[in-house]
Structures are given as C-alpha cells and as structure tokens.
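Notes follow once the structure below has been shown.
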Amino acid sequence: MFTSRRFIQPTIYPQSLKTPGRFCRAMYLKECLRTEKKSNSTSPQWSEFREILIAMKDGSAEKCFIPLPNFPPVSHMDLDDNIFMLPGPVKMHPRVLRAMSLPARAHRDPTFFEIHREIRELLKYTFQTNYDVAVISGSGTAGMDAAISNLLTKKHTAVVAHNGKFGERLVEIVKRYSNAIAVGAEWGEVIDTEKVAEAVEENDVDAVVLCHNETSTGVTNPAWEIGKIAKKHGLLYILDGITSVGGIEVRPEKMGADVVVFGSQKCVAAPAGMAALAVSPRAEEMMVENPPYYLDLKKHLEKYNNPEKADTPYTCAIPLFQALLEALRMIKEEGIEERWRKCAAMGEATREAVKAMGLKLFPRDERYASNTLTAIWLPEGVTDKEFRGTLKEKYHVVVAGAQEHIKGKVFRIGHMGIVKWTDLAATIVAIEATMRELGLDVERGAGPGVIAEHMARYGL
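Using my numbering, read the sequence shown as starting at 30 and increasing by one per residue.
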C-alpha cells in the first residue's frame with residue numbers, strides 16, 4: 030500500500046479517521062513516531078495505523094500527512110447549546126453540573142453523611158411529607174420496583190390503574206411479585222375513579238397502584254380521589270410520582286399515599302440515575318420478610334433515616350448525589366409552591382399556544398392535561414422525522430417523540446424543572462417556523478403571542 034514516499038494520501042484512511050476520537054489517536058501515534066517511541070499494543074485502534082509507522086521507518090514524522098476527519102460545520106447543532114425540552118431527562122442548572130464534577134470523595138466519610146442528611150431534609154420538603162425517605166442509585170423504575178417488591182407478594186392482590194406506557198409498566202411489575210387487577214383506560218383518557226372503586230369493592234384487594242402523571246400521554250390522573258378510595262377500604266396506596274413530585278402538587282399524608290416515588294431526572298432537574306421514595310410508617314411495618322437484596326427498602330430506610338449518620342447500605346452514585354443535593358437546594362430557594370405555580374402556568378400557556386397554531390392536544394379532556402409536559406398530535410401529512418428533525422437540526426430545539434402505538438404520531442414538550450419562559454417561547458417560535466417550512470398553514474405569531482400574554486400574566 031505504501032511506497033518510500035513520506036506523504037500518505039488523505040484517501041487511504043477515510044473510514045479510520047472519520048471521527049474526532051480516531052483522528053486524535055492518529056495524531057498520538059504520529060507523535061510516538063516522532064519521538065521514536067515504540068508500542069507493543071495489539072489493539073484494533075493501533076493496528077489501524079500500524080502501516081503508518083512501517084512506512085515512516087526513518088522517523089520523518091513531520092512529513093506524515095494525517096487527513097482531517099469530517100468535523101461538523103459551525104452551524105451544526107451543538108449538544109451543549111440547545112433548547113432542551115424533553116419530559117425527562119431535563120436540562121440541568123450549571124450549579125448542578127458543577128456539583129456533579131466535584132472531586133471524588135469517600136462515601137463513608139463523615140462529610141458525605143452530612144450530604145445525605147441535608148438531602149434527607151430537602152427531600153421531605155420536596156415531597157411535602159414527614160415520612161421517612163430514601164434514595165436508591167437507580168432509575169425511577171428501580172424505585173417503583175423497590176416499593177412494590179417490598180410490600181406485595183403472591184398472597185396479595187393490587188388494583189393497578191393504567192392509561193399509558195408507564196401505567197402498563199406498573200402492571201408488569203405488580204404481576205412479577207403479586208396479583209394484579211388491571212383497570213385500564215385508552216391512551217389519552219383519564220383513569221375512571223368509579224371503575225377503580227368497583228374493582229376494589231368487588232375483589233379481595235390489598236393495595237392500589239397508580240401512575241400519577243402519565244408521561245407517555247401527558248395526562249395527570251386523579252391521584253387525590255383514588256387515594257380516598259384506598260383510604261376508605263384501608264388499602265396500601267403506592268403512587269408513581271416520577272414526573273409529578275416537584276412539578277405538581279403532591280402531599281403524601283393528605284393524599285393517603287403510603288409510598289411515593291420520583292425520578293431524579295424529571296421535575297427535580299438533577300442527573301438521571303436516582304430514585305427517591307417517601308414511605309409511611311404503616312408501609313414500613315408491612316414490609317415483606319424476604320425482599321430483593323439490593324432493593325431491600327427497609328435497609329435503605331433504616332440507613333438513610335439514622336439521626337446520627339445518614340447513609341446508604343451500598344455504595345451510592347457519589348457524583349449524582351452531590352448534584353441531587355444542589356438541585357434540591359434550588360427547589361427550596363425557589364419554593365416548592367412557586368415551582369408548582371410555574372409549571373401550571375407554563376402548561377396552560379403551552380396548551381393554548383399550540384392550539385392557536387392549529388395543533389391538537391393528545392389528552393382528550395384538557396382538564397386532566399399535565400402541567401409538567403404537553404403531548405400533541407403531529408400535523409397531518411408530516412412525519413415525526415421531518416417535524417422533530419427540523420426542530421432539532423435547524424432550530425436546535427429538542428422535543429420528545431412518543432411510544433408504542435402512538436410513536437410517529439405524537440410529540441411531547443417538557444416544561445418541568447428549571448425550564449425558563451424564554452425556553453418555552455423559543456420552542457413555540459421554532460415550532461411555528463418548522464410548520465411553515467413544512468408547508469403547513471399557520472398564522473404568523475399566533476403561538477408566540479399566546480406565550481407573551483402568559484408571560485405578562487405570570488409577572489414577567
């Protein structure tokens with residue numbers, strides 16, 4: 030392949046050098062050659078450039094040409110500079126990012142016990158509860174898995190209400206450990222409380238399980254009313270608050286909820302990878318005798334609520350816990366009720382703005398539309414790839430698609446956590462521009478005008 034020439038044509042390694050990482054490795058190898066270093070590496074990455082070294086036996090590395098990879102142009106989307114409007118994971122504040130990048134520390138050090146202690150108190154504030162709390166290194170699903178597996182066995186039966194992807198996941202989790210009576214509604218519809226009451230009254234039931242805010246459809250279910258049903262019959266009430274806690278009013282004691290779970294990457298605006306739980310004294314007394322080893326909730330609760338040394342039973346995700354602490358501090362600074370108010374105002378503004386642009390909401394009853402995200406039907410004749418692709422690549426706005434049978438038909442805008450009104454305004458402007466670019470008839474300024482009105486109403 031090579032001659033005695035000391036110039037390597039740029040067409041020789043077009044695939045090998047097409048990424049920045051491989052380009053950097055090539056430059057490193059060139060430097061090794063220049064300093065007459067030798068390597069015994071047999072890795073594929075080294076092999077890709079072995080012939081370069083063979084061709085340059087005389088050590089004239091300065092004349093060895095390394096072709097530049099196909100770096101994106103300046104106008105290309107930068108993942109560090111976009112308007113990130115997903116319903117989780119969400120954008121994180123620089124304070125949270127800095128906390129996550131702090132130097133490593135020992136998780137059994139007394140200073141880290143203080144971090145856990147502060148997280149514990151801030152969690153109680155965020156949950157608006159006096160229950161014991163715990164944090165598990167794992168996703169929100171890990172939190173729900175822990176709650177259900179520690180409270181239900183094959184001797185128990187739970188009514189599980191579902192009207193979307195995550196409610197259906199709860200049915201699957203309950204079936205893994207216990208017996209489930211599924212009470213379903215169509216995606217986009219709200220859970221019928223009368224059907225839940227009927228299922229409870231007609232069966233020998235031990236618990237009720239509900240997804241409070243169904244993220245897949247943008248519907249908030251009547252958790253308070255269902256809590257009254259559970260309380261009336263003396264049932265355990267396990268609530269998935271993964272996209273409601275921190276964005277929608279949740280008060281476990283007043284709702285009658287025995288366990289509430291949230292995911293760190295949603296309304297709290299921390300990194301993904303942590304699940305927080307608030308657990309009632311009654312639920313603690315009813316824990317099963319043989320729980321999962323890692324998800325042993327009693328062990329997590331005992332460790333985390335130790336008044337002298339708050340801790341976790343196993344190694345926690347140290348950088349994530351540091352970031353969670355900062356995110357929770359920011360909620361306390363803003364005020365949990367103010368965070369609820371902001372999400373409610375943004376939710377209303379988003380719904381009115383998209384309707385003003387001729388788009389249709391996915392929830393069938395707007396009274397139950399979520400305040401932390403909005404699910405919207407895609408315009409007719411436009412594909413998901415065209416619509417979200419244009420938003421992302423041209424306007425640097427990232428919104429979510431949908432799942433299962435509505436995938437490619439619905440998109441979702443998240444307005445939870447630290448999303449600002451200017452983020453929302455820019456998103457609506459970009460949606461309007463995308464619609465016009467794709468040949469859709471939309472009144473110029475209709476959607477952005479609605480957002481401006483709501484910003485003024487909110488006091489901005």
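Beta carbons are placed, not taken as given, at the ideal position from N, Cα and C, and that holds for glycine.
- Message: Would Lys-194 and Thr-246 qualify as a contact pair, given that the criterion is a beta-carbon distance under 9 Å?
- Response: yes
- Mind checking whether Val-288 and Val-279 have CB atoms under 9 Å apart? no
- Message: To the nearest angstrom, how far is the alpha carbon of Leu-151 from that of Ala-128?
- Response: 16 Å
- Should Arg-486 be labelled buried (16 or more other beta-carbon atoms within 10 Å of its own) or exposed? exposed
- Query: For Arg-380, does the count of other Cβ atoms within 10 angstroms reach 16, so buried, or fall short, so exposed?
  - Reply: buried
- Assign Glu-243 to one of three DSSP states: helix, strand, or coil. strand
- Task: Excluding the 5 residues preceding and the 5 following Lys-361 in the sequence, name in chain order all residues of the same chain whose CB lies nearer than 7 Å to its CB.
- Result: Leu-151 and Tyr-154
- Given Gly-387 as reference, the closest of Gly-292, Lys-421 and Ile-405 once Cα atoms are compared: Ile-405
- Contacting residues, own chain, Cβ-Cβ under 6 Å from Lys-120 (five flanking each side not counted): Phe-113
- Query: Got a sec? Which residues, its chain only, sit under 8 Å from Leu-390 by beta carbon, not counting five neighbours each side?
  - Reply: Gly-247, Arg-380, Val-383, Lys-384, Ala-398, Thr-403, Ala-404, Ile-405 and Trp-406
- Query: If you follow the beta strand (DSSP E) that Val-162 is part of, which residue opens it and which one closes it?
  - Reply: 161-166
- To which residues of the same chain is Val-212 closer than 8 Å at the C-beta, ignoring the five residues directly before and after it? Val-188, Val-189, Ala-190, His-191, Ile-220, Asp-221, Lys-224, Val-225 and Ala-228
- Can you tell me which of the three DSSP states Gly-364 falls into? coil
- N-terminal and C-terminal residue of the beta strand (DSSP E) that Gly-213 is part of: 208-213
- Does DSSP classify Met-315 as helix, strand or coil? coil
- Item | Same chain, Cβ closer than 8 Å to Gly-285, five either side skipped, listed in chain order | Gly-256, Lys-257, Ala-259, Lys-260 and Tyr-266
- Element boundaries [beta strand (DSSP E), containing Tyr-266]: 265-269
- Query: How would you call Tyr-322, buried or exposed, if buried means at least 16 neighbouring beta carbons within 10 angstroms?
  - Reply: exposed
- Report yes or no: do three or more beta-carbon pairs, one from the region 161-176 and one from the region 317-333, lie closer than 8 Å? yes
- Query: Counting Cβ pairs closer than 8 Å, one from the region 142-151 and one from the region 452-468, do we hit at least three?
  - Reply: no
- Can you tell me which of Ala-429, Gly-117 and His-329 puts its alpha carbon nearest to the alpha carbon of Tyr-343? His-329
- Under 9 Å, do Val-297 and Ala-163 count as touching if we go by C-beta distance? no
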